[in-house]
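Here is the structure we will look at, set down as structure tokens.
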Amino acid sequence: MLSKLLGKNLGLKISTLLVFMFIHIPIGFIIIYAFSTDEKTFQFPIPGFTTKWFGVAWDRKDIWDAIILSVQVASISTLLAIFLGTLASLAVYRSQFFGKEIISFLVILPIALPGIVTGISLRSALNLLGIPFSTWTIVIAHATFCIVTVYNNVLARLRRSSHSLVEASMDLGASPWQTFRFVVLPNVATALLAGGMLSFALSFDEVIVTTFTAGQQSTVPIWMLTEFVRPRQRPVTNVVAVFVILVTTLPILAAYFLTREDDRSK
1 MLSKLLGKNL GLKISTLLVF MFIHIPIGFI IIYAFSTDEK TFQFPIPGFT
51 TKWFGVAWDR KDIWDAIILS VQVASISTLL AIFLGTLASL AVYRSQFFGK
101 EIISFLVILP IALPGIVTGI SLRSALNLLG IPFSTWTIVI AHATFCIVTV
151 YNNVLARLRR SSHSLVEASM DLGASPWQTF RFVVLPNVAT ALLAGGMLSF
201 ALSFDEVIVT TFTAGQQSTV PIWMLTEFVR PRQRPVTNVV AVFVILVTTL
251 PILAAYFLTR EDDRSK
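Each residue of the sequence shown is one higher than the one before, counting from 1 in the UniProt record's numbering.
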């Protein structure tokens, strides 16, 4: 019995290790290729080691333009997501009305749909309304799915919080705004921050929806997709990919530790 249990656990550990290797080893290759001396192809092992591509990427104006645009879009989309996602979660949590579950489903739907479906539908709507493609069309597109991360995080936290605190605040004469500011907001603060960080990461590396709503503008993922097909200076693309990995990984890690520490304190 014990030998069978140990055997199963060993098999589970090996399977888990293989899955993690399958997911993360290709990311390691991207980092390695950023230091390759070969400009045109991907060879392993790399023919030589150099850091010159980091300097080349630093001096490229098109890269900086793409980074600035991506940061702007991700920041504004995140702020919109925090505002609208929080309002939506409060409305669904506190109110009882006909079609409540349908409203909740419609809020979550954009992140469940394939990106190409969302992109085509948004492009069709923008064309129908005669709205020219700009930074704001990308922001609107990204906000549609960024709202979901904030909504889910805040709603889950509200459902785990005691409503008696809100009732006590109202009984003591606090206004709805005071109750929200001093009772509700502190309870959902970490969930709100975690949802905002996840929203920023999702927006920063989104490519499919952006393709349909950006027009002639180029965010970092669009720039990478365009540059990747070029036969020269491919390591520069990998340098930018390393930057994207850092920008998207750090907020996700921060969100993970925030929610984990908050759960431990309960």
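The C-beta atom is built at its ideal place from N, Cα and C for all residues, glycine as well.
- Assignment of Phe35 by DSSP, reduced to helix, strand and coil, places it in the coil class.
- Inclusion of Ala141 and Leu122 in the CB contact set at 7 Å is warranted, their separation being smaller than that value.
- In the three-state scheme derived from DSSP, where H, G and I count as helix and E and B as strand, Phe228 is classed as helix.
- Secondary structure of Phe49 (DSSP, three-state): strand.
- For Ile147, the uninterrupted alpha helix (DSSP H) segment begins and ends at 135-160.
- When the Cα atoms are used, Gly48 and Ile27 turn out to be separated by approximately 19 Å.
- Between Gly196 and Ile82, the CB-CB gap stays under 7 Å.
- The beta carbon of Gly115 sits closer than 6 Å to the beta carbons of Ile208, Val209 from its chain, once the five residues preceding and following it are set aside; these are given in chain order.
- A straight-line Cα-Cα distance of about 26 Å links Thr248 and Leu185.
- A direct Cα-Cα distance of roughly 10 Å separates Ile103 from Ala91.
- DSSP, reduced to helix, strand and coil, places Ser75 within a helical segment of the structure shown.
- Here the alpha carbon of Ala168 sits roughly 18 Å from the alpha carbon of Val188.
- Per DSSP, the unbroken alpha helix (DSSP H) holding Thr118 starts and ends at 115-129.
- Annotation for Val209: the continuous alpha helix (DSSP H) segment containing it runs 208-213.
- Counting only the Cα atoms, Ile25 lies some 11 Å from Ile32.
- If the five residues before and after Ile131 are omitted, its C-beta is found closer than 7 Å to the C-beta atoms of Thr137, all from its own chain and listed in chain order.
- Between the C-alpha atoms of Val239 and Ile245 there is a straight-line separation of about 10 Å.
- A residue is called buried once 16 or more other Cβ atoms fall within 10 Å of its Cβ, and Gly55, having fewer, is exposed.
- Distance check between Val242 and each of Ser89, Ile14, Ile30, Ile23 places Ile30 closest, using alpha-carbon atoms only.
- Distance from the CA atom of Val107 to the CA atom of Thr118, rounded to whole angstroms, is 13 Å.
- Within the same chain, Cβ atoms closer than 8 Å to the Cβ of Ile111 are found at Phe145, Val148, Thr149, the five residues on either side in sequence being excluded.
- Taking C-alpha positions only, Arg94 is separated from Gly85 by approximately 14 Å.
- Contact between Thr237 and Glu227 is confirmed by a C-beta separation of about 5 Å, below the 8 Å threshold.
- Less than 7 Å divides the Cβ of Ala201 from the Cβ of Pro251.
- Sixteen is the threshold: since fewer than 16 other Cβ atoms of the shown chains lie within 10 Å of the Cβ of Pro45, the residue is exposed.
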